[in-house]
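**Student:** Sharing a structure with you now.
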Amino acid sequence: MELPSVLPIGDATCIGLAIVLFCLLIHWMKNKKAQNYPPGPFPLPLVGNTFQLDFNNLPESLDQLRKQYGNVFSLQIFFENSVVLNGYDAIKEGLVTKSEDTADRPSIPMFEHLGMHKGIAFIGYGQHWKEQRRFALQTLRNFGMGKKSMEERIREEAGYLCAAFQANDGRPFDPFMVITNAVSNVICAVIFGDRFEYSDSSFQRMIYLLKKLAELETKPITQLYKIFPWLMRVPGPHQELFNIQHIYLDFLREIIQKHRETWDPAVRRDFIDVFFDEIEKNKDNPSSSFTEETLLHVIADLFVAGTDTTSNTLRWSLLMMILHPHIQKKVHEEIDSVIGRGRLLTIEDHSKMPYTNAVIHEVQRFGNILPIALLHMTYRNTNIQGFDIPKGTTIIPNLTSVLKDKNIWKKPYQFYPEHFLDAEGKFVKNEAFIPFSAGRRICVGEQLARMDLFIFFVSLLQRFEFRIPNDQPYPRHDPVFTFNFSPHPFQVCCEER
Numbered sequence: 009m010e011l012p013s014v015l016p017i018g019d020a021t022c023i024g025l026a027i028v029l030f031c032l033l034i035h036w037m038k039n040k041k042a043q044n045y046p047p048g049p050f051p052l053p054l055v056g057n058t059f060q061l062d063f064n065n066l067p068e069s070l071d072q073l074r075k076q077y078g079n080v081f082s083l084q085i086f087f088e089n090s091v092v093l094n095g096y097d098a099i100k101e102g103l104v105t106k107s108e109d110t111a112d113r114p115s116i117p118m119f120e121h122l123g124m125h126k127g128i129a130f131i132g133y134g135q136h137w138k139e140q141r142r143f144a145l146q147t148l149r150n151f152g153m154g155k156k157s158m159e160e161r162i163r164e165e166a167g168y169l170c171a172a173f174q175a176n177d178g179r180p181f182d183p184f185m186v187i188t189n190a191v192s193n194v195i196c197a198v199i200f201g202d203r204f205e206y207s208d209s210s211f212q213r214m215i216y217l218l219k220k221l222a223e224l225e226t227k228p229i230t231q232l233y234k235i236f237p238w239l240m241r242v243p244g245p246h247q248e249l250f251n252i253q254h255i256y257l258d259f260l261r262e263i264i265q266k267h268r269e270t271w272d273p274a275v276r277r278d279f280i281d282v283f284f285d286e287i288e289k290n291k292d293n294p295s296s297s298f299t300e301e302t303l304l305h306v307i308a309d310l311f312v313a314g315t316d317t318t319s320n321t322l323r324w325s326l327l328m329m330i331l332h333p334h335i336q337k338k339v340h341e342e343i344d345s346v347i348g349r350g351r352l353l354t355i356e357d358h359s360k361m362p363y364t365n366a367v368i369h370e371v372q373r374f375g376n377i378l379p380i381a382l383l384h385m386t387y388r389n390t391n392i393q394g395f396d397i398p399k400g401t402t403i404i405p406n407l408t409s410v411l412k413d414k415n416i417w418k419k420p421y422q423f424y425p426e427h428f429l430d431a432e433g434k435f436v437k438n439e440a441f442i443p444f445s446a447g448r449r450i451c452v453g454e455q456l457a458r459m460d461l462f463i464f465f466v467s468l469l470q471r472f473e474f475r476i477p478n479d480q481p482y483p484r485h486d487p488v489f490t491f492n493f494s495p496h497p498f499q500v501c502c503e504e505r
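Per my numbering, the sequence shown starts with residue 9, numbered consecutively.
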C-alpha cells in the first residue's frame, strides 16, 4: 500500500493548530510571573518584546521604556525573561548589595558557539569563574598592576605613542590605530611578555578584525540565535562573525604554542607562563579549570578588555580636547605648573592635578564607553527595589541611566569637568561614577585602566597641542553604538608645545 505524498488538508490543519497551541502554551507559561514581578510591555508570542527594541541604539530604547515603566522594568527577548535596572539606587542594590544574587551570567548561544563562555567575562557564577578571576587578579598584581614597575612600562609605551604622533609632523591623521596599538601593548606585555610595533601589519589587521567583530556581534540576527541556534551552522554572510573569531583565536593559539615550545618552569616571563605552572600543578585533578583551552579564552577576554575600553576612552579624550580648546588650555596650564615640560610624570602627580583628574573622569562619564554593563543573571531568587525576581532571570544594568542622570549631574549631556570639582577647584569623587560597572563582576583591569588613562593622557597633553584640522568638517560628538559607545572616526592635528 503506497503512503500519500502529502498530509490530508484536515491533518495538516490539526498539526498546525497543535503547533500554534503549543507555542501559546509556552508563551503563557513564560509570562506567568510572580505577583510582585516588575512591570513592563506585554510580550508577543515567540518574539517577546524584541521588536520594541532598537539594537542599533539599545540604550535609547531602554531609556524610552524607563520613562513609561520606571527604574525597574521587565522585558522578554524571545523566550528569555529579563529585568532592566536603571538609576544608581537600583543598580547599586542589584549589583553591590545583592551582588551574589545577581553574579551569574545568562546563556548566550552565540558566545557558547564561539567558546567565549570558557574564559572569565561570560562564564557562569561557579567554581571555575571564582578560580580564574582570583588567579587573574593575583597574576596581574604580581606583574605590576598598581605598582611602580607597571607605571614605568606604561610610561615607556607612552613615549612610543608620542613619537608616533610627532612623526605626523602636524599633518591630519586618524589616531584610532596607533592609540589602540599603544594601549594594547600594555596588556600584551603582561599576557604575552612582548609588545607589537605600530608598523606590524598582522597586528593592525587583528585590531581591525576585533573592531569589526564588535560591530557584527550587535547585529539583529544575533538575537535570532537564542531561538534558532541552528542558524549559526547555516552558510551565509552571517558566518563572517564566526570566521573573524576563529582568526582571533588562531592568533592567540600561535602565541600559546610558541610559549609552550620555550617554556621553562624556573622562569616566569608573563601571564601565560604562570598559567602553564598552574596547568602542571593541577594535571592530576580532573575538575581543575586550569587547561590550555581555558587559557586560550581567558587571555582572549583579557586582551579585549585591556584594549578596547581604554583605547576608546583615550580617543574620546582627544576628541573632547579639540572640541573644547579652553579645557585643553587649562589642562596644559596645570601640567606646566605641576610637572613642567621636561620632567617625566609619575603616578604621584595624580593627586596634585585635580583639574586634569576631573577631565579624565568626565571623559569616562560623558563618553559612557560601556552604556550597558555585561548581562548578569540571578543566581537565586531575589528582591530588588521591592520587586521579586526569580532565579535564572537575565539582569540588564543600564549604566547610561546613572552616568547621564539629570538628578546627579548638573549638565548630564554636556562635557563639563566641573562635575568632579568643588567650589575651591578640588577633585571630588561621586559614588554614581561607575563606568567599570560594580559588584562581584566589576572589571578585573579597573586599576590598570586608571593608570593607563592618566599616564597616556598626561603624556600626550604635556607634549602636544591638539586641534581640528583646517578645511575639515567639525567632528561629531555623538557616539557610535556597537557593544560600546565609541567616537565617530575623526582626524586630529598635533603640534609640539
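Glycine included, every Cβ here is placed at the ideal spot set by N, Cα and C.
Taking the beta strand (DSSP E) that residue 62 falls in, what are its first and last residues?
**Tutor:** Translated into the one-based positions of the sequence shown, residue 62 becomes position 54. Premise fails: residue 62 is in no beta strand (DSSP E) and is neither H nor E.
**Student:** Hey, residue 133 and residue 166 are a contact pair by Cβ (cut 8 Å); roughly how many whole angstroms apart?
**Tutor:** Counting from one through the sequence shown, the residue named residue 133 turns up at place 125. Counting from one through the sequence shown, the residue named residue 166 turns up at place 158. Their Cβ separation, rounded to whole angstroms, is 37 Å, which puts residue 133 and residue 166 out of contact at 8 Å.
**Student:** If we ignore side chains and look at the alpha-carbon of each, how far apart do residue 161 and residue 463 end up?
**Tutor:** For the purposes of this step, residue 161 is taken as the residue at position 153 of the sequence shown. For the purposes of this step, residue 463 is taken as the residue at position 455 of the sequence shown. If I take the Cα positions, the gap works out to 10 Å.
**Student:** Less than 8 Å separating the beta-carbons of residue 501 and residue 477?
**Tutor:** Here residue 501 is taken as the residue at index 493 of the sequence shown, counted from 1. Here residue 477 is taken as the residue at index 469 of the sequence shown, counted from 1. The answer is yes: Cβ separation under 8 Å.
**Student:** Take residue 260 and list the residues in its own chain whose beta-carbon comes closer than 7 Å to its own, dropping the five residues that flank it on each side.
**Tutor:** For the purposes of this step, residue 260 is taken as residue 252 along the sequence shown, with counting starting at 1. So the list reads 304, 307 and 308, once near-sequence residues are dropped.
**Student:** CA-CA distance, residue 396 and residue 72?
**Tutor:** Sequence index remark: in the sequence shown, residue 396 carries index 388 (1-based). Sequence index remark: in the sequence shown, residue 72 carries index 64 (1-based). Answer to the nearest angstrom: the Cα atoms are 23 Å apart.
**Student:** Assuming residue 103 and residue 405 form a contact by the criterion Cβ under 8 Å, report the distance between their Cβ atoms to the nearest whole angstrom.
**Tutor:** One-based indexing of the sequence shown puts residue 103 at position 95. One-based indexing of the sequence shown puts residue 405 at position 397. Confirmed, Cβ separation roughly 6 Å.
**Student:** Does the structure place the stretch 261-278 close enough to the stretch 81-98 that three or more beta carbon pairs sit under 8 Å?
**Tutor:** no
**Student:** How long is the line joining the alpha carbons of residue 12 and residue 224, rounded to whole angstroms?
**Tutor:** The residue you call residue 12 lines up with position 4 of the sequence shown. The residue you call residue 224 lines up with position 216 of the sequence shown. Caution applies to residue 12, whose pLDDT of 48 falls short of 50 and renders its modelled position unreliable; the model cannot decide the point.
**Student:** Helix, strand or coil for residue 359, going by three-state DSSP, please let me know.
**Tutor:** Taking the sequence shown and counting its residues from 1, one reaches residue 359 at position 351. Here residue 359 sits in helix by DSSP.
**Student:** If you reduce the DSSP assignment to three classes, tell me which class residue 298 lands in.
**Tutor:** Taking the sequence shown and counting its residues from 1, one reaches residue 298 at position 290. If DSSP states are grouped into helix, strand and coil, residue 298 belongs with coil.
**Student:** Can you find the residues in the same chain that come closer than 7 Å, C-beta to C-beta, to residue 57, ignoring five residues on each side of it along the sequence?
**Tutor:** Against the sequence shown, residue 57 aligns to sequence position 49. Correct list, in chain order: 49, 51, 83, 84 and 85.
**Student:** Rounded to whole angstroms, what is the Cα-Cα separation between residue 373 and residue 249?
**Tutor:** Against the sequence shown, residue 373 aligns to sequence position 365. Against the sequence shown, residue 249 aligns to sequence position 241. When rounded, the separation of the alpha-carbon atoms in residue 373 and residue 249 is 30 Å.
**Student:** Extract the residue ranges of the alpha helix (DSSP H) inside the stretch 122-166, only unbroken runs of 4 or more that lie entirely within it.
**Tutor:** Within the stretch 122-166, the complete alpha helix (DSSP H) runs of at least 4 residues are 135-150.
**Student:** Which of helix, strand or coil does DSSP assign to residue 396?
**Tutor:** Counting from one through the sequence shown, the residue named residue 396 turns up at place 388. Here residue 396 sits in strand by DSSP.
**Student:** Determine the extent of the alpha helix (DSSP H) in which residue 487 is found, giving its start and end residues.
**Tutor:** Numbered from its first residue, the sequence shown carries residue 487 at position 479. No alpha helix (DSSP H) contains residue 487, which is instead part of the beta strand (DSSP E) from 487-489.
**Student:** What are the residues that DSSP puts in a beta bridge with residue 475?
**Tutor:** Position 467 of the sequence shown, counting from 1, holds the residue named residue 475. Answer is 501.
**Student:** Starting from residue 55, trace the beta strand (DSSP E) in both directions and tell me its first and last residue.
**Tutor:** As a first step, residue 55 must be located in the sequence shown, where it is residue number 47. Looking at the DSSP string, residue 55 is not in any beta strand (DSSP E), and its letter there is neither H nor E.
**Student:** Are three or more beta carbon pairs between the stretch 275-285 and the stretch 335-348 nearer than 8 Å?
**Tutor:** no
**Student:** According to DSSP, is residue 251 helix, strand or coil?
**Tutor:** Here residue 251 refers to the residue found at position 243 of the sequence shown. DSSP, reduced to helix, strand and coil, places residue 251 within a helical segment of the structure shown.
**Student:** For residue 204, which residues from the same chain have a beta carbon less than 8 Å from its beta carbon, with the 5 sequence-adjacent residues on both sides left out?
**Tutor:** If you number the sequence shown from 1, residue 204 lands on position 196. Cβ within range, chain order: 189, 192, 193, 196 and 211.
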